[in-house]
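Just below is one structure, and these are the notes that go with it.
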Amino acid sequence: MKYVLVTGGVVSGLGKGVTASSIGVVLKACGLRVTTIKIDPYLNTDAGTMSPFEHGEVFVLDDGGEVDLDLGNYERFLDIKLTRDNNITTGKIYQSVINKERRGDYLGKTIQVVPHITDEIQDWIERVAMNPVDGKEGPPDVCVIELGGTIGDKIFSSHNDSGILDAGDIESMPFIEALGQFSYRVGPGNFCLVHVSLVPVLNVVGEQKTKPTQHSVRGLRGLGLAPDILACRSTEPLEENVKAKLSQFCHVPVSSIINLHDVTNIWHIPLLLRDQRAHEAILKVLDLQFVGKVPREPKLVEWTERASKFDKLKATVKIAMVGKYTGLSDSYLSVLKALLHASVAMGRKLVVEWVPSCDLEDSAAKETPEAHKKAWKLLKVNTVYILEWPLEFLISYAQPFEENLHFRVQRVYLSLEALEIEVFREKFLLQNMHEKIMFLISAFAWGSKTHMGATMRLGSRRTYFHATACKSAKLEDFTVFQVNPEMVPEFEKAGLSFVGKDESGRRMEIIELPSHKFFIGVQFHPEFKSRPGKPSPLFLGLIAAASGQLETLLQPSSNIVNPNPMPRFPIPKKTIYHAKKPLDSLVNGYFANGNVIHT
18 MKYVLVTGGV
28 VSGLGKGVTA
38 SSIGVVLKAC
48 GLRVTTIKID
58 PYLNTDAGTM
68 SPFEHGEVFV
78 LDDGGEVDLD
88 LGNYERFLDI
98 KLTRDNNITT
108 GKIYQSVINK
118 ERRGDYLGKT
128 IQVVPHITDE
138 IQDWIERVAM
148 NPVDGKEGPP
158 DVCVIELGGT
168 IGDKIFSSHN
178 DSGILDAGDI
188 ESMPFIEALG
198 QFSYRVGPGN
208 FCLVHVSLVP
218 VLNVVGEQKT
228 KPTQHSVRGL
238 RGLGLAPDIL
248 ACRSTEPLEE
258 NVKAKLSQFC
268 HVPVSSIINL
278 HDVTNIWHIP
288 LLLRDQRAHE
298 AILKVLDLQF
308 VGKVPREPKL
318 VEWTERASKF
328 DKLKATVKIA
338 MVGKYTGLSD
348 SYLSVLKALL
358 HASVAMGRKL
368 VVEWVPSCDL
378 EDSAAKETPE
388 AHKKAWKLLK
398 VNTVYILEWP
408 LEFLISYAQP
418 FEENLHFRVQ
428 RVYLSLEALE
438 IEVFREKFLL
448 QNMHEKIMFL
458 ISAFAWGSKT
468 HMGATMRLGS
478 RRTYFHATAC
488 KSAKLEDFTV
498 FQVNPEMVPE
508 FEKAGLSFVG
518 KDESGRRMEI
528 IELPSHKFFI
538 GVQFHPEFKS
548 RPGKPSPLFL
558 GLIAAASGQL
568 ETLLQPSSNI
578 VNPNPMPRFP
588 IPKKTIYHAK
598 KPLDSLVNGY
608 FANGNVIHT
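Every position in the sequence shown, counted from 1, becomes a number in this note's numbering once 17 is added.
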């Protein structure tokens, strides 16, 4: 097993996750099987209870793991399926060590950070790295590890106010020590360290400054890790004399200094790595340069075409994103990526208008009238993707738009149930909304009233189509709250069609209004399954409907929706409704990934 460690210095937010993902793409394009691990030094067991303002969205894996958004980048870039064990946190490591101590595994020894915590980290990495994530048998060839946090910060204390001690985040120290030991544990030729750093330009002098990177590398070396490759972030391409200076003071060959300057879209990053021969530098350190006697060369034809296509898009599709956390776009990263993948596939340039949900409240009309007016205007003229709103507001949202027949809505969270309540209460106001394009996603299904972490129905499930002529089935050929089964017949009489259900037939997963142009509600999260080359079908349908291409997309001859259909599965022969019986819970988790089986 070969390991590539990606660390970051100077400041956070440099793009370590995209860099690690792009390194994985290049290595995979060289014919290697790649897996990834993300190390988050925080004490939380997982990201499930963290505010989106803290670390962005919570990405949900097939096994129900609630993890850092970087694992979403890994899955999208590499088209792999990771598990919760691929995300290591301080909380998980300490919990594992404490559990072993309670069982007596340490035979009465005093438990210490070194060696017990550091050994646990190394054992965890070795164990998880061997798990295949690409659907094939056998262990991967390379494991790309991203260490969260920064290295090279100055620590000031009451005893030392000079700031001469270079170190990283305090929480990162056990991991840095463990990874230093790990590099010796796996031996030369099996470990490559890529350090991502910043080369800023001061506006006053207009010169690219190398000192921050020099300090960061010095701090890294002082902690027992020596970089093999420098990945330098900058706004413009690095000048040759700057590379020479970095090489001299950081003790890294010029050929191993990679410049990751700003680009028009992140799909160019793997191409930057390829063009600067980063794969040669990495493969040389890992002793993987050749297949037999033939040098490995990355095959990135699809990536090149996709990046070029993105840059050439002219026609736009506008989406007004309404949400509580609009101040940080990473809070909705997977949704944005799913919309982007679908937009590119449909030949449209995505334009996002952010609308804070608080600006749409009645109270905002008095407190911030201009913002209130602007927010509602955006909703009336754009395709709208509602992310978070109070349930009572979702239920009554339609009334202000009865006069606007071209208002298009996509809702996320609490939405499937909100639609049903709205339809039932308003006697199907929908006759006034015939042209509206709607796609709803529901998220919350709480399983505990006392705890927050991992109490929802998490993970990937199968959904069986009970109607083959619906839009959802045509689009999905390849892949909190619940609906009361006693009420389903009433909703169906009123015009709703429950086209997708779970294997028991009692849990409603997909609903449609057949009489409408695009009115779909789902109980899972299809955005987590979207990939750059394989956009989520439901998001594809939404963008197609918003850009007037839905009919073309739904044609059997269309190769956009279903290039590689999966085999069809029969619907389990079980009673659909059990009004007198309580619903059986499957497992803790919600439909995060929306696997759908067409029948």
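Cβ coordinates follow ideal geometry from the N, Cα and C atoms, glycine included. The structure presented is a predicted model; accordingly, all values stated were derived computationally and were not measured.
Closest to residue i by CA distance: which of the options is it?
{"i": "GLY565", "options": "GLY155, LYS335, CYS267", "result": "LYS335"}
{"i": "GLU194", "options": "THR343, ALA243, CYS375", "result": "ALA243"}
{"i": "GLY197", "options": "ALA511, VAL23, SER521, PRO386", "result": "VAL23"}
{"i": "ILE246", "options": "ASN258, HIS285, VAL302", "result": "VAL302"}
{"i": "SER532", "options": "SER547, PHE70, GLU509", "result": "GLU509"}
{"i": "PHE545", "options": "LEU367, LEU99, ALA381", "result": "LEU99"}
{"i": "VAL42", "options": "MET190, PHE94, SER346, THR230", "result": "PHE94"}
{"i": "VAL216", "options": "PHE208, ARG238, ALA248, VAL222", "result": "ALA248"}
{"i": "PRO132", "options": "TRP371, ILE528, VAL114, HIS285", "result": "VAL114"}
{"i": "MET190", "options": "LEU31, LEU60, MET67, GLY364", "result": "LEU60"}
{"i": "HIS278", "options": "PRO270, LEU31, GLY155, MET147", "result": "LEU31"}
{"i": "ARG144", "options": "TYR123, ASN103, THR135, GLN112", "result": "ASN103"}
{"i": "ALA64", "options": "VAL77, ILE54, THR53", "result": "VAL77"}
{"i": "LEU237", "options": "ALA261, SER273, PHE192, LEU219", "result": "PHE192"}
{"i": "GLN265", "options": "GLN231, ALA562, ILE286", "result": "GLN231"}
{"i": "VAL539", "options": "ILE97, LYS394, VAL516", "result": "VAL516"}
{"i": "SER374", "options": "LEU367, GLY364, LYS391, GLY48", "result": "LYS391"}
{"i": "VAL203", "options": "PHE535, GLY165, VAL21", "result": "VAL21"}
Check residue i in the structure and name its three-state DSSP category.
{"i": "MET504", "result": "helix"}
{"i": "ALA355", "result": "helix"}
{"i": "HIS232", "result": "helix"}
{"i": "GLN225", "result": "strand"}
{"i": "LEU396", "result": "helix"}
{"i": "HIS268", "result": "coil"}
{"i": "ILE128", "result": "coil"}
{"i": "HIS542", "result": "coil"}
{"i": "GLU71", "result": "helix"}
{"i": "MET363", "result": "coil"}
{"i": "SER113", "result": "helix"}
{"i": "ALA340", "result": "Reading off the sequence, residue 340 comes out as Gly, not Ala. In the structure shown, GLY340 sits in a strand (DSSP, three-state: E or B)."}
{"i": "PRO417", "result": "Only weak support is given to the placement of PRO417: the predicted model assigns it a pLDDT of 46, under 50, and the value that follows is read from those uncertain coordinates. PRO417 falls in the helix class under three-state DSSP."}
{"i": "MET9", "result": "Past the boundaries of the shown model lies residue 9; the chain is included only from 18 to 616, so the question cannot be answered."}
{"i": "PRO287", "result": "helix"}
{"i": "ASN104", "result": "strand"}
{"i": "SER574", "result": "coil"}
{"i": "PHE424", "result": "Confidence is the limiting factor: at PHE424 the pLDDT is only 39, short of 50, which leaves the residue's position unreliable, though a coordinate-based value still follows. Looking at PHE424 - three-state DSSP - the assignment turns out to be coil, as it is neither helix nor strand."}
{"i": "LYS335", "result": "strand"}
{"i": "VAL28", "result": "coil"}
{"i": "THR53", "result": "strand"}
{"i": "GLU83", "result": "strand"}
{"i": "GLU154", "result": "coil"}
{"i": "GLY48", "result": "coil"}
{"i": "GLU370", "result": "strand"}
{"i": "SER380", "result": "helix"}
{"i": "ASN191", "result": "Note that residue 191 corresponds to Pro in the displayed sequence, not to Asn. In the structure shown, PRO191 sits in a helix (DSSP, three-state: H, G or I)."}
{"i": "GLY121", "result": "coil"}
{"i": "GLY309", "result": "coil"}
{"i": "SER200", "result": "helix"}
{"i": "SER251", "result": "strand"}
{"i": "VAL604", "result": "The pLDDT assigned to VAL604 is 28, lower than 50, so where the model puts this residue is not dependable; a value taken from the coordinates is nonetheless given after this. Coil."}
Hey, could you find the ends of the alpha helix (DSSP H) residue i is sitting in?
{"i": "PRO244", "result": "Looking at the DSSP string, PRO244 is not in any alpha helix (DSSP H), and its letter there is neither H nor E."}
{"i": "GLY89", "result": "86–95"}
{"i": "LYS98", "result": "That residue, LYS98, is in no alpha helix (DSSP H); it is neither H nor E in DSSP."}
{"i": "LYS518", "result": "Unbroken run through LYS518 is the beta strand (DSSP E), 514–518; no alpha helix (DSSP H)."}
{"i": "HIS296", "result": "295–303"}
{"i": "SER325", "result": "318–329"}
Hey, quick one: how far does the beta strand (DSSP E) through residue i stretch, first residue to last?
{"i": "TYR20", "result": "19–25"}
{"i": "LEU164", "result": "159–164"}
{"i": "CYS209", "result": "208–215"}
{"i": "LEU277", "result": "274–278"}
{"i": "ILE134", "result": "Neither: ILE134 is in no beta strand (DSSP E) and is coded neither H nor E."}
How many whole angstroms separate the CB atoms of residue i and residue j, which I take to be in contact at a CB cut-off of 8 Å?
{"i": "VAL369", "j": "PHE327", "result": "Contact doesn't hold; Cβ gap of about 15 Å is too wide."}
{"i": "GLU224", "j": "PRO58", "result": "The Cβ separation is near 34 Å, so there is no contact."}
{"i": "GLY82", "j": "ARG101", "result": "3 Å"}
{"i": "GLY73", "j": "SER348", "result": "6 Å"}
Indicate, with yes or no, if the ligand GTP has a heavy atom lying under 6 Å from the CB of residue i.
{"i": "GLU378", "result": "Of the ligands one can find in the structure shown there are none, so the ligand GTP has no counterpart to examine."}
Using 8 Å as the Cβ pair cut-off and three pairs as the minimum, do the segment 313–328 and the segment 348–356 touch? no
Specify whether the segment 326–339 and the segment 291–309 touch according to this definition: at least 3 beta carbon pairs, one from each stretch, less than 8 Å apart. no
Stretch-stretch touch, CB-based, cutoff 8 Å, three pairs: the segment 89–103 with the segment 35–52: yes
Answer yes if the segment 201–221 comes into contact with the segment 24–34, meaning at least three C-beta pairs across the two stretches below 8 Å, and no otherwise. yes
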